[in-house]
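Residue numbers (our numbering), protein chains in the order written: chain A, 194 to 371; chain B, 194 to 371. Working notes, structure below.
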């Protein structure tokens, strides 16, 4: 089967600080025309900082869309023109005050490919040194170190629901046989 | 640390077929006011249909935001007022032509909690019967059955990048010890 869609028209509805929203008209394989809602996002990084003692840095922050505090691995958006490896190093320092000797790329995630361009790059950070956090001015978060085994149990029980955290914890478990 | 943000104003910028885009003003813990871009999404389901012969149904479809064909587990949006269990049964039938005797809930995912309200519910489907697919009119996709071991290898190598597929394959691997 042929699988393609051709853009006929594209209209920018909103250019925000984080997302750009577009409404396109696309021609489908059978010749019909369908509307496509697209949310453009700069993408980001997520890091699993694994200390020699078997603990992992996690963060808790208020996530406005859910009006709730969500537990996640350290993560952040790419800044304009920024590569994902330096972004991972920056977010580690900002969010959990950690510098690392070893940073291993563990692949990327398309978070919501039906409507969003967001790509998230995953890293495992090792050979860590713990320092002080210095989050962005409008970023309020709590950092904590928990045993990897506890984090894995919370992912498997469904207590941790953040998609990038679930994927990166389970991928690390599988690849390192932790 | 207190973690909260209080909505001061909310403006709907776009009401689409799939997403609603809002721009809010929120008061932060320190009293400052920040803008919050929110993409509301109805949420969805993702299903891992595991046959007795160890194969899994996957689908390939053109994902417009990436202008590329993406390999995913069967999935779909919730319809208005629809619960996620019947949605999983419906999507299994529509996308891969499968009916199931056993459907196990494996928890949910917040796909992009920084800006999106999307929640995805994961199911493992077993005791399956293969029939004919009947996708929606504007949905063009290829369904295939592949060994679970192949799917797991593609997740671990980074060849499969769809977040819900990565999370659900790895969670199933861990819970069933496959």
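Glycine included, C-beta positions come from ideal geometry on N, C-alpha and C.
Partners in chain B for residue i, counting only beta-carbon separations shorter than 9 angstroms
i	result
residue 310 (chain A)	258 and 259
residue 339 (chain A)	Those do not exist, as residue 339 (chain A) stays about 17 angstroms from chain B at its closest Cβ, beyond 9 angstroms.
residue 263 (chain A)	303 and 306
Where the beta strand (DSSP E) containing residue i begins and where it ends
i	result
residue 282 (chain B)	Segment 277-289 is the alpha helix (DSSP H) holding residue 282 (chain B); no beta strand (DSSP E) there.
residue 323 (chain B)	312-323
residue 250 (chain A)	248-256
residue 358 (chain A)	Taken as a continuous stretch (DSSP letters only), residue 358 (chain A) belongs to no beta strand (DSSP E), being part of the alpha helix (DSSP H) at 356-369.
residue 231 (chain A)	226-233
residue 214 (chain A)	213-220
residue 199 (chain A)	199-208
residue 165 (chain A)	A question about residue 165 (chain A) goes unanswered here, because the residues of chain A that appear run from 194 up to 371.
residue 265 (chain A)	261-265
residue 239 (chain A)	237-242
Chain B contact residues for residue i, given Cβ-Cβ distances below 8 angstroms
i	result
residue 254 (chain A)	196
residue 355 (chain A)	302, 303 and 306
residue 351 (chain A)	299, 300 and 301
residue 360 (chain A)	356, 359, 360 and 363
residue 238 (chain A)	The premise fails here: residue 238 (chain A) is roughly 13 angstroms from chain B at the closest Cβ pair, so nothing lies under 8 angstroms.
Neighbour-count burial assignment, residue i, 16 or more Cβ in a 10 Å radius
i	result
residue 356 (chain B)	buried
residue 256 (chain B)	buried
residue 230 (chain B)	buried
residue 361 (chain A)	buried
residue 249 (chain A)	buried
residue 305 (chain A)	buried
residue 262 (chain A)	exposed
residue 366 (chain B)	buried
residue 265 (chain A)	buried
residue 254 (chain A)	buried
residue 147 (chain B)	In the structure displayed, chain B extends from 194 to 371; residue 147 (chain B) sits before or after that span and is not available.
Contacts that residue i makes with chain A (C-beta to C-beta distance below 7 angstroms)
i	result
residue 214 (chain B)	207 and 214
residue 284 (chain B)	What residue 284 (chain B) touches in chain A: nothing, since even the nearest Cβ is about 13 angstroms away.
residue 211 (chain B)	230 and 308
8 angstroms Cβ cutoff met for residue i and residue j
i	j	result
residue 204 (chain B)	residue 221 (chain B)	no
residue 293 (chain B)	residue 268 (chain B)	no
residue 303 (chain B)	residue 240 (chain B)	no
residue 327 (chain B)	residue 287 (chain B)	yes
residue 207 (chain A)	residue 214 (chain B)	yes
Chain-ordered neighbours of residue i on chain A, where CB pairs are closer than 9 angstroms
i	result
residue 367 (chain B)	345, 348, 349, 363, 366 and 367
Start and end residues, alpha helix (DSSP H) containing residue i
i	result
residue 349 (chain B)	341-350
Partner residues on chain B for residue i, Cβ-Cβ distance less than 7 angstroms
i	result
residue 249 (chain A)	Simply none; closest approach about 17 angstroms.
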